[in-house]
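Protein chains: 2
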Amino acid sequence: MPTQHSPRQNCLLSCLPAEDYLRIEPHLELVEMPLGEALYESGMQIRHVHFPTTAIVSLLNVMEDGASAEIAVVGNEGIVGVSLFMGGESTLSRAIVQSAGHAYRMRGQLLKDEFFRAGPMQHLLLRYTQALLTQMAQTAVCNRHHSLDQQLCRWLLLSFDRLPGTELIMTQELIANMLGVRREGVTEAAGNLQRAGLIEYRRGHIKLIDRRGLEDRVCECYDVVKREFQRLLPPNIAK
Amino acid sequence: MPTQHSPRQNCLLSCLPAEDYLRIEPHLELVEMPLGEALYESGMQIRHVHFPTTAIVSLLNVMEDGASAEIAVVGNEGIVGVSLFMGGESTLSRAIVQSAGHAYRMRGQLLKDEFFRAGPMQHLLLRYTQALLTQMAQTAVCNRHHSLDQQLCRWLLLSFDRLPGTELIMTQELIANMLGVRREGVTEAAGNLQRAGLIEYRRGHIKLIDRRGLEDRVCECYDVVKREFQRLLPPNIAK
DNA sequence: ATCGTTATGTTCGCTAGCGAACATAAATCG
DNA sequence: CGATTTATGTTCGCTAGCGAACATAACGAT
Chain A
1 MPTQHSPRQN CLLSCLPAED YLRIEPHLEL VEMPLGEALY ESGMQIRHVH
51 FPTTAIVSLL NVMEDGASAE IAVVGNEGIV GVSLFMGGES TLSRAIVQSA
101 GHAYRMRGQL LKDEFFRAGP MQHLLLRYTQ ALLTQMAQTA VCNRHHSLDQ
151 QLCRWLLLSF DRLPGTELIM TQELIANMLG VRREGVTEAA GNLQRAGLIE
201 YRRGHIKLID RRGLEDRVCE CYDVVKREFQ RLLPPNIAK
Chain B
1 MPTQHSPRQN CLLSCLPAED YLRIEPHLEL VEMPLGEALY ESGMQIRHVH
51 FPTTAIVSLL NVMEDGASAE IAVVGNEGIV GVSLFMGGES TLSRAIVQSA
101 GHAYRMRGQL LKDEFFRAGP MQHLLLRYTQ ALLTQMAQTA VCNRHHSLDQ
151 QLCRWLLLSF DRLPGTELIM TQELIANMLG VRREGVTEAA GNLQRAGLIE
201 YRRGHIKLID RRGLEDRVCE CYDVVKREFQ RLLPPNIAK
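Same order as they appear, the protein sequences are chains A and B. The numbering of the first sequence is our numbering, which starts it at 1 and goes up by one. The numbering of the second sequence is our numbering, which starts it at 1 and goes up by one.
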């Protein structure tokens with residue numbers, strides 16, 4: 001796409017006062033994020049952080065036997081690589097591009113320098129990290145108590161919130177990986193939503209038809225997280 | 001107990017260089033933490049942070065219908081109230097005393113001041129927060145994929161790691177709340193462990209008999225989190 | 001010692017989701 | 001265009017954990 005790209009499409013970056021933004025802008029590099037690319041693997045040292053603009057990234061925890069579960073989603077409201085400034089330099093989770101698009105990346109060291117200036121960027125990043133914490137906590141409870149149908153609704157809404165359009169490119173197999181369930185389970189749950197006229201899909205393309213319908217069906221977890229993002233982050237299109 | 005108390009029993013505090021420690025020491029107030037006390041409820045503004053010494057605190061997410069699940073445990077290796085310096089002033093989770101004991105508390109504002117001095121305390125707190133993130137993420141995956149038996153082992157080991165002795169005062173009902181499962185399920189799982197000679201209990205008292213046995217039975221999640229704590233935090237008895 | 005309370009043990013039928021095996025259909029590639 | 005790959009649909013039996021109802025036993029207060 002020859003569309004106009006700008007770092008300001010990312011909420012965190014767009015929240016920065018001009019002075020701070022201009023200082024880091026020269027160090028932002030536009031990168032393409034193809035579906036399925038791993039920004040980092042478990043335990044790997046993180047060299048860059050990424051500010052998604054149109055891409056969506058999924059944070060997954062993977063276990064020894066290959067079983068996995070998504071613990072959070074990051075779109076243009078956030079940043080991938082918080083463990084860099086938190087001090088760990090690496091995480092045990094895996095960051096996978098869940099929806100192709102673009103992001104701006106920045107060298108880890110530069111972000112750290114910026115963070116330790118203790119200016120607006122630090123405050124933003126800390127607040128964002130807390131929002132991420134909330135998202136993870138709520139995901140954990142949702143995993144425990146809610147039905148696959150509800151979780152799928154939550155997942156779809158989270159994704160569509162972070163997408164420009166109404167079409168998501170994603171196979172059921174991948175969704176199953178993210179949710180940590182069987183592919184067949186997703187087929188069934190998605191079938192339910194399709195029959196109810198809420199979504200429509202063909203082989204790897206999911207189209208949002210009736211957002212209200214999804215919102216009626218989803219568990220409280222979706223709203224809880226959304227409200228907390230709005231509370232913690234400046235009222236851009238946050239999340 | 002007329003035992004000698006000292007803030008240095010808390011790992012984070014004991015990691016501080018003398019200079020930083022002495023500055024905050026006068027503001028630390030020893031408090032007793034009775035079983036079941038709520039340090040804060042969902043959404044409440046946090047006035048104090050707590051550095052547990054002998055107490056253990058459980059962070060729970062509670063849902064509208066009352067269902068809940070533990071997302072992390074904090075003992076003398078950590079601090080309760082990270083959202084204070086993260087910028088949110090409140091969390092959606094609930095902090096409950098899971099094992100009675102003591103903690104030192106400090107006024108929120110003072111901790112924030114200390115945090116924003118950008119000294120050793122800030123680094124420690126950030127690294128601890130990342131460890132907490134890891135714990136939450138792993139808990140989420142564990143919830144999804146592991147059996148109740150394994151989760152109970154994990155929970156017991158996490159608790160005993162944070163206790164001075166080998167006896168834990170805790171009913172099965174409470175454990176069920178934490179794990180987000182039925183009480184009957186815990187009865188059964190605990191029965192298995194008892195029959196295998198790993199623990200022993202009578203009405204609200206669980207005694208650790210065979211730690212190795214538990215370690216053999218627990219899922220990987222326990223070790224994963226433990227190692228990450230050791231990596232991130234100075235090698236005190238960390239977790 | 002006795003009573004009431006509260007923790008634990010046990011049972012029964014039920015359901016969501018699992019694991020495996022397979023059928024079909026849609027895209028892709030030569 | 002047909003052939004291969006890959007995504008989706010469907011079935012079957014199975015198991016862990018649920019929800020409810022109840023029995024028993026340990027403790028604590030009087």
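Cβ coordinates follow ideal geometry from the N, Cα and C atoms, glycine included.
The criterion of a C-beta distance shorter than 8 Å is not satisfied by Thr53/B and Gln109/B.
Within the same chain, Cβ atoms closer than 7 Å to the Cβ of Leu30/A are found at His5, His102 and Tyr104, the five residues on either side in sequence being excluded. Using a 10 angstroms sphere on the CB of Thr166/B, the tally of other CB atoms stays under 16, which defines it as exposed.
Counting only runs that start and end inside the region 139-212 of chain A, the alpha helix (DSSP H) elements of at least 4 residues fall at 148-161, 172-179 and 183-195.
Put simply, the CB of Leu126/B is near chain A, with a gap under 8 Å to one of its CB atoms.
With the rule of 3 Cβ pairs closer than 8 Å, the region 78-94 of chain B does not count as touching the region 198-217 of chain B. Taken in chain order, the complete beta strand (DSSP E) segments of 3 residues or longer contained in the region 2-49 of chain B are 29-33 and 38-40.
Ser68/A has Val62/A as its beta-bridge partners, per DSSP. For Val225/A, the enclosing alpha helix (DSSP H) starts and ends at Glu220 to Leu232.
The closest CA to that of Phe85/A, considering only Ala100/A, Arg117/A and Gly75/A, is found on Arg117/A. The closest CA to that of Phe229/A, considering only Pro7/A, Gln151/A, Leu174/A and Val74/A, is found on Val74/A. Sixteen is the threshold: when 16 or more other Cβ atoms of the shown chains lie within 10 Å of the Cβ of Gly180/A, as they do, the residue is buried.
Three or more beta-carbon pairs separated by less than 8 Å link the region 66-73 of chain A to the region 139-147 of chain A, which places the two stretches in contact.
Distance check between Val186/B and each of Ala176/B, Met121/B, Arg195/B and Gln194/B places Ala176/B closest, using alpha-carbon atoms only. Within the DSSP secondary-structure output, Ser99/B pairs in a beta bridge with Ile56/B. Here Arg217/B carries a helix assignment [DSSP, helix/strand/coil]. Contact of Ile79/B with chain A by beta-carbon distance below 7 Å is absent, the smallest such distance being about 14 Å. Relative to Cys221/B, the option among Leu198/B, Cys153/B and Arg183/B whose CA is nearest is Cys153/B. Closer than 7 Å at the C-beta level to chain B, one finds these residues of the region 121-153 of chain A: His123, Leu126, Arg127, Thr129, Gln130, Leu133, Thr134, Met136, Ala137, Gln138, Thr139, Ala140, Val141, Asn143, Arg144 and His145. Counting along the chain, Leu92/A sits inside no alpha helix (DSSP H), nor does DSSP assign it H or E at all. In its chain, beyond the 5 residues on either side, Arg127, Gln130 and Ala131 have a beta carbon closer than 7 Å to the beta carbon of Leu232/B. At the C-beta level, Val97/B and Met136/B stay beyond 8 Å of one another. Leu16/B counts as buried, since no fewer than 16 other beta carbons sit within 10 angstroms of its beta carbon.
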